[in-house]
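Just so we're aligned: the sequence shown equals residues 1 to 330 in full-length UniProt numbering.
Each residue gets a CB set at the ideal place from its N, CA and C atoms; glycine is no exception.
Notes follow once the structure below has been shown.
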Amino acid sequence: MVTARQEPRLVLISITCDGDTLTLSAANLKDLLLPIKTPTANALRKCRVQGLDVQGRDCGEVAAQWITNFLKTKPYRLVHFEPNMRPRNSQQVEPLFRPKDQVAYSDASPFMVLSEASLGDLNSRLGEKKVKASNFRPNIIISGCDVFAEDTWNEVLIGDVELKRVMACSRCVLTTVDPDTGIMSRKEPLDTLKSYRLCDPSEEKLYGKSPLFGQYYVLENPGTIKVGDPVYLLVLGKEKRKEGRMGPLAGQLALQRNPHLEGVPRYPFLLSGNPLLLLGGRFLFEERGSRDLQKLTVVAKLSILTCVFYSPVLVEPNGIYVKSNFYLPF
1 MVTARQEPRL VLISITCDGD TLTLSAANLK DLLLPIKTPT ANALRKCRVQ GLDVQGRDCG
61 EVAAQWITNF LKTKPYRLVH FEPNMRPRNS QQVEPLFRPK DQVAYSDASP FMVLSEASLG
121 DLNSRLGEKK VKASNFRPNI IISGCDVFAE DTWNEVLIGD VELKRVMACS RCVLTTVDPD
181 TGIMSRKEPL DTLKSYRLCD PSEEKLYGKS PLFGQYYVLE NPGTIKVGDP VYLLVLGKEK
241 RKEGRMGPLA GQLALQRNPH LEGVPRYPFL LSGNPLLLLG GRFLFEERGS RDLQKLTVVA
301 KLSILTCVFY SPVLVEPNGI YVKSNFYLPF
């Protein structure tokens, strides 16, 4: 399997999906239109990614010629990983993944999360030549949090989608490919990242001398997400955590909850301004007839509010409005 590490100009190919059609676009070439479902008559190809074998359905001669004509280096084939094919085991690439974590053609995980704040911090350390998120190829970019806050999250909730953090993403020479020109410099931003984002010496066996930027996540609960969705931080109730400062997540902060309870609603608290102090807490859920009792530990502006709410609860930008008309301002 070839990536932009070997063929940097691959970053100049854009991909869009419309209905049942996948479109590949590149400068000076007519768009390549491919069906989402590759014909079963096409040959199966044996591929190798990160030392592990994985199958792919050949996308045909037209696709192969299109890729070859664009790269102008050597003949290549385009393959499609189908749902019935056996994926690679992420744990065989990185030991911190679980046996059930799987991936097709990505290095180790299908989800890489990066915050705008972390990218901005890196650009503040670079010279004139700034970098884009596309230098690092995250598929989820989160705004509204502190620099490198994504390094500390255990689980996040976006709509119905729950993602669990596994480990940091160690960065390689691919980050030095300019996403606008397809030229690899082999220098920045990698050199700057090495000056302040190396792992702790105790983790060198895992990460080596590669700088860390962005985090690998795995899927806990499937669903649909879209740009603009609020992102909630899920803090496990039984987990002991040290006090730490963190800004509101995408402008919103989730309630702490017990992960063993299914169907517990999450109420967003619309907060902004100074960083919040997050403390370990508990989320209790108890059935009382037709009412649900939620005991919540809310931390805001360095003050702890412990409240008992009976449904319904209306959350407002400046506080929490409860059915009893008892109002708690932040």
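Using a C-beta cutoff of 7 Å, does ILE183 count as contacting chain D?
Reference to chain D is not applicable here, since this structure consists of a single protein chain.
Proximity below 7 Å, CB of SER134 to CB of PRO179:
Their beta carbons are under 7 Å apart, which means SER134 touches PRO179 by this criterion.
Mind the definition here: the region 118 to 128 touches the region 217 to 231 only if three or more C-beta pairs lie below 8 Å; say whether that holds.
no
Look up PHE70 in the DSSP assignment and say whether it is helix, strand or coil.
PHE70 sits in a helix when the DSSP states are folded into three classes.
Whose CA, out of PHE213, LEU29, SER170, lies closest to the CA of GLU204?
SER170
Could you give the first and the last residue of the continuous alpha helix (DSSP H) run that contains SER124?
Here the alpha helix (DSSP H) through SER124 covers 116 to 125.
ASP292 versus TRP66 - alpha carbon distance:
Low local confidence applies: a pLDDT of 32 at ASP292 is under 50, so the model's placement there is unreliable, with the coordinate-based value given in what follows. So the two alpha carbons sit approximately 59 Å from each other.
Residue 333 versus ALA64, ALA26, MET1, residue with shortest Cα-Cα distance:
Because residue 333 is not part of the residues shown, which for the chain are 1 to 330, the question remains open.
Where do the ends of the beta strand (DSSP E) carrying GLU162 lie?
161 to 170 is the span of the beta strand (DSSP E), which, as asked, contains GLU162.
For VAL79, three-class secondary structure by DSSP
strand
What separation, rounded to the nearest whole angstrom, lies between the Cα atoms of ARG88 and ARG77?
20 Å
Determine the contact status of LEU212 and ARG197, defining contact as a CB-CB distance below 7 Å.
Contact check for LEU212 against ARG197 passes: the beta carbons are separated by less than 7 Å.
Taking 8 Å as the cut-off, does the region 32 to 52 touch the region 152 to 164 (at least 3 CB pairs, one atom from each stretch)?
no
For the candidate residues ILE141, SER124, LYS130, LYS226, whose alpha-carbon lies nearest to that of MET112?
Of the candidates ILE141, SER124, LYS130, LYS226, the one whose C-alpha sits nearest the C-alpha of MET112 is ILE141.
What three-state label does DSSP hand residue 359 in the structure shown?
Limits of the chain in this structure are 1 at one end and 330 at the other, which puts residue 359 out of reach.
Below 7 Å between beta carbons: does that hold for PHE157 and PRO138?
Going by the sequence as given, residue 157 is Leu instead of Phe. Contact flag unset, no.
Specify the secondary structure class of TYR207 as computed by DSSP and reduced to three states.
Helix, per DSSP.
Taking ALA63 as the reference, which of LYS30, LYS130, ARG48 has the closest Cα?
Residue LYS30 is the option with its Cα nearest to ALA63.
Can you give the beta carbon distance from residue 411 to GLN91, rounded, assuming they're within the 8 Å contact cut?
Residue 411 lies beyond the residue range present for the chain, which begins at 1 and ends at 330; the question has no answer from this structure.
Got a sec? Which residues, its chain only, sit under 7 Å from LYS187 by beta carbon, not counting five neighbours each side?
Within the same chain, LYS187 has close Cβ partners THR176.
Looking at GLY60 and ARG45, is the spacing between their C-beta atoms short of 7 Å?
no
Going by C-alpha distance, which of MET184, LYS130, GLY144, GLU128 is nearest GLY228?
GLY144
Which residue comes first and which comes last in the alpha helix (DSSP H) that contains THR16?
Here THR16 belongs to no alpha helix (DSSP H); instead the beta strand (DSSP E) covers 14 to 18.
Tell me where the alpha helix (DSSP H) around LYS194 begins and ends.
First-last of the alpha helix (DSSP H) with LYS194: 190 to 194.
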